[in-house]
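Visitor:
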Amino acid sequence: MEEHVKTGARKCDYEEEEVIANMWVQLLIQFNVYFSGVWVVVTIFFLNCEFANINGIEKILSILSLVVAIPLEVVRLYLGYTGNLMSAIPSFAAFLILSFLIQLPLQAYLLLATHTVQHLLPTVVQSITAGTLLLQIATGVPAMRKLSAFRRKQFQMQRWQYMGKTSVTERSDSKSVSVIE
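Position one of the sequence shown corresponds to residue 1 (UniProt numbering), numbered consecutively onward.
#1: Within 8 Å, do at least three Cβ pairs link the segment 37-52 to the segment 85-104?
#2: Measure the Cβ-Cβ separation of Thr129 and Thr123 and say whether it is below 7 Å.
#3: What are the start and end residues of the alpha helix (DSSP H) that includes Gln118?
#4: Would you mind stating whether Asn22 and Ala143 have Cβ atoms separated by less than 7 Å?
#5: Quick check on Ala20: does DSSP put it in helix, strand or coil?
#6: Have a look at Phe155 and Gly140 and give me their C-alpha separation to the nearest angstrom.
#7: Take Lys59 and list the residues in its own chain whose beta-carbon comes closer than 7 Å to its own, dropping the five residues that flank it on each side.
#8: For the alpha helix (DSSP H) that contains Leu101, what are its first and last residues?
#9: Please state whether DSSP places Ser62 in a helix, a strand or coil.
#10: Using 7 Å as the threshold, is the C-beta distance between Gln107 and Leu133 below it?
#11: Only counting the same chain, and skipping five residues up and downstream in sequence, which positions put a Cβ closer than 8 Å to that of Gly83?
#12: If you drop the 5 nearest sequence neighbours on each side, which residues of the same chain put their C-beta closer than 7 Å to that of Thr114?
#13: Have a look at Leu147, Gly164, Arg159 and flag the residue whose alpha-carbon is nearest the alpha-carbon of Glu18.
#14: Out of Asn48, Gly164, Thr43, which one is the CA nearest neighbour of Ile70?
#15: By DSSP, does residue 182 sit in helix, in strand, or in coil?
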């Protein structure tokens, strides 16, 4: 009996996973990571300065919107950062949903609040923050479409690749052949 020994590298059934990251989304997220510290300091400082001059409902709404917006901004930027760099559709989709449905209305309120409009610096800072958010949404939606199309194509290619492979095993006791797909 001859025994054949195969040497060399073992071939995998799949290739390395490709990652699709959008550069513009990543640049905007990176800018927002650094600028959000400035935004928090300026917004809290000017809200504190004008706190005595604004009415009760606006006080409550401003504090509530900041209490929601600041931690949400951290989570949103983390999801966008990891979702874009790792091409993770759930994280990137959560980033876009949080951006559009929660953060955009909060930023619009903070931009149009009377304690912001009365001073130039908070108006400029809030405008930059809202503009960056709008740009992230505008560049994130096409990036999400491209990412999901890539993942769909990748899944279909793997499906067709594995459909062609079948393994045949023979059982010695029953002499039956089973095909596993």
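Ideal Cβ placement from N, Cα and C applies to all residues, glycine included.
Guide: Based on what the coordinates show:
#1: The answer is no - the segment 37-52 does not touch the segment 85-104, with fewer than three Cβ pairs under 8 Å.
#2: As a first step, residue 129 must be located in the sequence shown, where it is residue number 129. As a first step, residue 123 must be located in the sequence shown, where it is residue number 123. With a cutoff of 7 Å on beta-carbon distance, Thr129 and Thr123 are scored as not near each other.
#3: Translated into the one-based positions of the sequence shown, residue 118 becomes position 118. Neither: Gln118 is in no alpha helix (DSSP H) and is coded neither H nor E.
#4: Translated into the one-based positions of the sequence shown, residue 22 becomes position 22. Translated into the one-based positions of the sequence shown, residue 143 becomes position 143. Their beta carbons are under 7 Å apart, which means Asn22 touches Ala143 by this criterion.
#5: In the sequence shown, the residue the question calls residue 20 occupies position 20. Sequence check: residue 20 is Ile here, not Ala. It is coil, neither helix nor strand.
#6: Against the sequence shown, residue 155 aligns to sequence position 155. Against the sequence shown, residue 140 aligns to sequence position 140. Straight-line measurement puts the Cα of Gly140 at about 22 Å from the Cα of Phe155.
#7: Translated into the one-based positions of the sequence shown, residue 59 becomes position 59. Here the set comprises Phe51.
#8: Counted from its first residue, the sequence shown places residue 101 at position 101. Note, Leu101: premise wrong, no alpha helix (DSSP H); not H, not E.
#9: Within the sequence shown, numbered from 1, the residue matching residue 62 stands at position 62. In the structure shown, Ser62 sits in a helix (DSSP, three-state: H, G or I).
#10: As a position in the sequence shown, residue 107 is number 107, starting the count at 1. As a position in the sequence shown, residue 133 is number 133, starting the count at 1. Cβ atoms of Gln107 and Leu133: closer than 7 Å.
#11: Position 83 of the sequence shown, counted from the start, is the residue given in the question as residue 83. The answer, listed in chain order, is Ile89, Pro90, Ser91, Phe92, Ala93, Ala94, Phe95.
#12: Along the sequence shown, read from residue 1 onward, the residue named residue 114 stands at position 114. Closer than 7 Å at the Cβ level, and outside the excluded window around Thr114, lie Ile54, Glu58.
#13: Taking the sequence shown and counting its residues from 1, the one referred to as residue 18 is at position 18. If we check each option's Cα against that of Glu18, Leu147 comes out closest.
#14: Within the sequence shown, residue 70 is the residue found at index 70, counting from 1. Comparing Cα positions, the closest option is Thr43.
#15: Nothing about residue 182 can be reported from this structure: the residues present for the chain run from 1 to 181 only.
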